[in-house]
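S.K.: Numbering (UniProt numbering), first residue to last: 1 to 600. What follows is a single structure, and I will ask about it in a moment.
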């Protein structure tokens, strides 16, 4: 590929990847452990009706900028359900899910402890909100518990009975081990009936997973059956450039509610998600920001987000029961698992997280690349090798286009002396310059877009692969060579506090060598100087990227270098350049002959 088109491609990538800048973040300390009731045998059914009581959990005013984290409560009792994949802690407060531990995903690269979703938390997952007397701070009575099911019950003022039932599968017979079935029944006890009301179900609290997580996947998402709706923490923040120029309200928001039918709604981060699919659609989602303590050793604040899916509970008359049920998936963002769900819950993967990735159809190409890479890893057993083989596969698929671009580059480079002479000759006659330029391209059978078109054709594959690697949970804490975590920078040491990341440096070196090999289609000094700095700029932008991304870019550069060396050695000279702008005895224009005439 010629340097002019290489510059175009790099500028596109620099503009695209510039949004990936991120800083170091912070993490919360672990709260005291509440009393835990392990489930080993069925518990007896409760015979008494416990009236709802308020706990001492912290709460925040409705207009507070951040949602307050739940505090320690000595009266909290946990009931545990678990299988080979998850350990679900149910709490009597709200009769809901306190947190979910993922047994196959650790909380740190050198830890054996599981990653825990909804810890710390604002509210338990699936806690009822917006209903006076029944909420996250209501103490429910544990009615029964088995190895696969728990049932809670509470009575509001002797007139409304609320029963909450949860069941966890084993993952056998096609069921997903991360899936929890939820059913809430509201029964009128007064005989007077209960009016229709709005009730929210908490989706839980999600936060950044590490200091290297820069938050592009931290959001609340809902799906109406056709399109997604996203709410990001930045939408609730005040200030910013847009506010300064009057294009955005500069005031921060305590919460943000977005209306519209919601077949399912989710709160998620880079690798994990809580997604609730109701038996009937909700009508809106409400999002709040969460301020979290810092990650140890970092200098910037951590942040989280919490969401609520809002439903309309129908009126209850006599002994009728109003039902509110659905399926909750709390687990890793594994596309191969989520694609089996019926209502496109796999959209939580966000294969096209940015505008540029949507332009390049990453949402279409990303799933295919993800499945291919996962399949390769299952055969090979190493994620680093899988990334290398995927990069090679992409190079082979795009080889015809890149070869065409390389041949076009050599032709364009050969035309540069003639093009320079024509520009000097017609520098004050733009129309004639344009006509002469077109004639030169036509007579020499050169397409001026011959280098750009292949870039545009191959770009969707590379952008989709790059974007797909951002949120692939399987890469978390996977090692390769000296890299201990492919989802984080490969920092091997620090000098004066600055991280030494090897992969981005190798990537920059391959870019410099690659540009030296490519033909030069221009004699423009300004462009030449810009090209010299491109590898440096690109290396700085990518310096703190995940090692998986730097590995992909480095290997892609090495394959491109090998390809360019082969092209340079095997491409034949098409002969002298045809100059249609001057009548000459020979039908061809040869720059060497012209130099000889000048010497005479």
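Here a beta-carbon is modelled for each residue, glycine too, at the ideal position from N, C-alpha and C.
1) Hey, could you find the ends of the beta strand (DSSP E) residue 198 is sitting in?
2) Among the residues of its own chain, which have a CB less than 8 Å from the CB of residue 461, if the five just before and after it don't count?
3) Just reading off the alpha helix (DSSP H) that residue 337 is part of, what are its end residues?
4) Does the Cβ of residue 177 have 16 or more other Cβ atoms within 10 Å, making it buried, or fewer, making it exposed?
5) I'd like to confirm the pairing. Which residues does DSSP put opposite residue 114 in its beta bridges?
6) The beta strand (DSSP E) spanning residue 302 covers which residue range?
7) Taking the alpha helix (DSSP H) that residue 288 falls in, what are its first and last residues?
8) Give me, in chain order, the residues of the same chain whose beta-carbon lies closer than 7 Å to that of residue 131; leave out the 5 immediate sequence neighbours on both sides.
9) Less than 6 Å between C-beta atoms, sequence neighbours within five positions excluded: which residues of the same chain meet that for residue 150?
10) What are the boundary residues of the alpha helix (DSSP H) that residue 371 is part of?
11) Among all the DSSP beta bridges, which residues are the ones paired with residue 259?
12) Quick one: measure Cβ to Cβ for residue 607 and residue 204, integer angstroms, because I've assumed they're closer than 8 Å.
13) Looking at the strands, I want to know which residues DSSP matches up with residue 154.
14) Looking at the structure shown, is residue 144 part of a helix, part of a strand, or coil, going by DSSP?
15) Cβ atoms of residue 486 and residue 290: under 9 Å apart, would you say?
16) Rank 497, 513, 516 by C-alpha distance to the C-alpha of residue 297 and give the top, closest one.
17) Residues bridged to residue 87 by DSSP?
18) Using CA atoms only, rank isn't needed, just tell me which of 306, 255, 327, 309 is closest to residue 277.
19) Considering only C-alpha positions, which residue in the set 230, 141, 500 is nearest to residue 163?
20) DSSP state of residue 138, grouped into three classes?
21) Please check the pair residue 117 and residue 107, which I expect to be a contact at CB under 8 Å, by giving their CB distance rounded to whole angstroms.
22) So which of 305, 379, 225 has the shortest CA-CA distance to residue 345?
23) Please state if the CB of residue 129 and the CB of residue 189 are separated by a distance shorter than 9 Å.
24) Across the stretch 330–343 and the stretch 292–312, are there enough close Cβ pairs to call them in contact, namely three or more that are closer than 8 Å?
25) I'd like to know whether the C-beta atoms of residue 292 and residue 207 end up nearer to each other than 9 Å.
M.R.: Reading off the structure:
1) For residue 198, the enclosing beta strand (DSSP E) covers residues 197–207.
2) Correct list, in chain order: 365, 369, 394, 397, 398.
3) Element bounds for residue 337: 335–338.
4) Under this definition residue 177 is a buried residue.
5) BP columns for residue 114 point to 106.
6) Here the beta strand (DSSP E) through residue 302 covers 302–313.
7) Per DSSP, residue 288 belongs to no alpha helix (DSSP H); it is in the beta strand (DSSP E), 272–292.
8) Take residue 131, set aside five residues on each side of it, and the residues of its chain with a beta-carbon closer than 7 Å to its own are 197, 199, in chain order.
9) Within its own chain, the residues whose Cβ lies closer than 6 Å to the Cβ of residue 150, once the five positions on either side in sequence are excluded, are 79, 90, 166, listed in chain order.
10) Annotation: the continuous alpha helix (DSSP H) that includes residue 371 extends over 362–380.
11) According to the DSSP secondary-structure assignment, residue 259 is paired through a beta bridge with 284.
12) Within the shown structure, residues of the chain are numbered from 1 to 600, placing residue 607 beyond reach of any answer.
13) For residue 154, which the question treats as bridged, DSSP gives the partners 162.
14) DSSP places residue 144 within a strand segment (E or B) once states are collapsed to three.
15) Contact flag unset, no.
16) Sorting 497, 513, 516 by C-alpha distance to the C-alpha of residue 297 places 497 at the top.
17) Its beta-bridge partners are 82, 101.
18) The shortest CA-to-CA distance from residue 277 to any of 306, 255, 327, 309 is the one to 327.
19) Of the listed residues, the one whose Cα sits closest to residue 163 is 141.
20) Looking at residue 138 - three-state DSSP - the assignment turns out to be strand.
21) Between the beta-carbon of residue 117 and that of residue 107 there is about 11 Å, and that puts the pair past the 8 Å contact cut.
22) The option with the nearest alpha carbon to residue 345 is 225.
23) The Cβ-Cβ distance between residue 189 and residue 129 does not fall below 9 Å.
24) Result no; under three Cβ-Cβ pairs closer than 8 Å.
25) Here residue 292 is near residue 207, since their CB atoms are less than 9 Å apart.
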